[in-house]
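Structure, as structure tokens:
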Amino acid sequence: MLFIPIMPELPEVETVVRGLRKGILRRKIAKVVYCAPHLKKMNTRGFARDLMGRNISSIDRIGKNIFINLDDGAFIQVHLRMTGRLIMDNGKGDYDCHDHLILEFVDGKSRLVFRDVRKFGQFVYIPAGRKERFFDELKIGIDALKISAEEFTRILKSKNRMIKPLLLDQSIVAGLGNIYVDEILFKSRVHPQKISSRISARKLSEMHRHMLKTLRSAIDNMGTTFDSFSNVNNEPGNFQSYLQVYANAGNLCPRCGKNKIKKIVVAQRGTHYCPYCQKL
Ligand SMILES: [Zn+2]
């Protein structure tokens, strides 16, 4: 098992979003406890004051970004990065030293805690007037669950880059990370270093199908947990037991049974594949 923090990807973030929708939708914010001057890009001026009395109107996700929308058109963007977590609790008990931001709700029975041991996470308040500029600057691609097979094929076919780093690029397709890209490429029988423009349209369309299937199955299993990921109720995911190549280096390939899963480095990322099933 690995013990280095692994960044939550689309299925983990979607699991958090679904938990938030169940737990904090239409709740009114009573108080903001802020103890995180180090949080990246944090807009602190008036932050707590502006949030007080606001209702949570909806919760959205694009790629690995969570958007907590407020009833006045403002919103909070959360990016969990490596070790960030959003946890709902019953509003009782002391805070942890890694609890950087807490939203307390009017009912007094619940609160939302942003906890981040490594402090790389983002919890940013965006007033309604800055919404357009914010999304211009975010430069985010189409969400991996929303991109059509045609669009996916067209974009990847138009690039002359290695397929793995291309799929990891959030400005192209949003939501994929190291674990799911390795799994999707394995299922598609595509070598992680293959140049995207040289992959056939039929193969890319097949890859799109595997991408959707893998992500949906991981969401059904509440994501993958190796160490720190948990849903808003502090429960781990179960998808790690379904991974076929990731963290399986040295084991026999579950498809061909001939070769062992190999681990190499592609674009500075540990990459798992079967040399027999995924030829360059
Ligand atoms: Zn194989």
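All you need for the numbering used here is the position in the sequence shown, starting with 1, plus 27.
Every residue, glycine too, gets a C-beta built ideally from N, C-alpha and C.
Since we're looking at a predicted model, the values are computed, not measured.
Heavy atom of ligand 1 within 7 Å of residue i beta-carbon
i, result
"Lys-214", "no"
"Tyr-303", "yes"
"Asn-13", "Because the chain spans 28 through 307 in this model, residue 13 falls outside it and cannot be assessed."
"Asn-286", "yes"
"Arg-282", "yes"
Start and end residues, beta strand (DSSP E) containing residue i
i, result
"Leu-270", "First-last for Leu-270: undefined, no H or E at that position."
"Ser-85", "83 to 89"
"Lys-58", "56 to 61"
"Met-109", "Note, Met-109: premise wrong, no beta strand (DSSP E); not H, not E."
"Ile-293", "In the sequence under discussion, the amino acid at residue 293 is Val, which differs from the Ile named in the question. Counting along the chain, the beta strand (DSSP E) containing Val-293 begins and ends at 289 to 293."
"Asn-96", "92 to 97"
"Ile-153", "149 to 153"
"Val-140", "138 to 143"
"Tyr-303", "First-last for Tyr-303: undefined, no H or E at that position."
Residue burial classification, residue i (beta-carbon count within 10 angstroms, cutoff 16)
i, result
"Cys-301", "buried"
"Gly-204", "buried"
"Leu-307", "exposed"
"Glu-159", "exposed"
"Ala-245", "buried"
"Ile-291", "exposed"
"Glu-210", "buried"
"Arg-142", "buried"
"Cys-124", "exposed"
"Leu-279", "exposed"
Supposed contact pair residue j and residue i - C-beta distance, whole angstroms, cut 8 Å
i, j, result
"Lys-91", "Leu-130", "Not confirmed; about 21 Å, so no contact."
"Val-208", "Ala-171", "Actually they are not in contact, since the Cβ atoms of Val-208 and Ala-171 sit about 10 Å apart, beyond 8 Å."
Residue i: first and last residue of the uninterrupted alpha helix (DSSP H) it sits in
i, result
"Val-310", "Since the first residue of the chain shown is 28 and the last is 307, residue 310 is not available in this structure."
"Lys-184", "176 to 184"
"Phe-256", "It is not in any alpha helix (DSSP H) - Phe-256 carries neither H nor E in the DSSP assignment."
"Ile-246", "228 to 247"
"Phe-160", "As written in the sequence, residue 160 is Arg, which differs from the Phe given in the question. Run containing Arg-160: 158 to 165, per the alpha helix (DSSP H) assignment."
"Ile-222", "No alpha helix (DSSP H) holds Ile-222; DSSP gives it neither H nor E."
"Phe-194", "According to the sequence as given, residue 194 is Leu; it is not Phe. From DSSP, the alpha helix (DSSP H) with Leu-194 extends over 190 to 195."
"Ile-129", "Taken as a continuous stretch (DSSP letters only), Ile-129 belongs to no alpha helix (DSSP H), being part of the beta strand (DSSP E) at 126 to 132."
Cβ of residue i within 8 Å of any chain D Cβ
i, result
"Ser-257", "No chain D appears in this structure, which consists of one protein chain only."
Contact test: residue i Cβ vs ligand 2 heavy atom, cutoff 7 Å
i, result
"Arg-229", "No copy of ligand 2 appears in this structure; the ligands present are ligand 1."
- Message: For the pair the stretch 170 to 181 and the stretch 268 to 287, tell me if three or more CB-CB distances fall below 8 Å.
- Response: no
- Taking contact to mean at least 3 C-beta pairs separated by less than 8 Å, is the stretch 222 to 231 in contact with the stretch 182 to 202? yes
- Message: Within 8 Å, do at least three Cβ pairs link the stretch 152 to 169 to the stretch 120 to 140?
- Response: Contact between the stretch 120 to 140 and the stretch 152 to 169 is absent, with fewer than three C-beta pairs closer than 8 Å.
- Item | Segment contact flag, the stretch 274 to 294 with the stretch 227 to 242, C-beta cutoff 8 Å, min 3 pairs | Contact fails: fewer than three Cβ-Cβ distances are below 8 Å.
- Do the stretch 95 to 113 and the stretch 214 to 221 make contact, defined as three or more Cβ pairs closer than 8 Å? Segments in contact, no.
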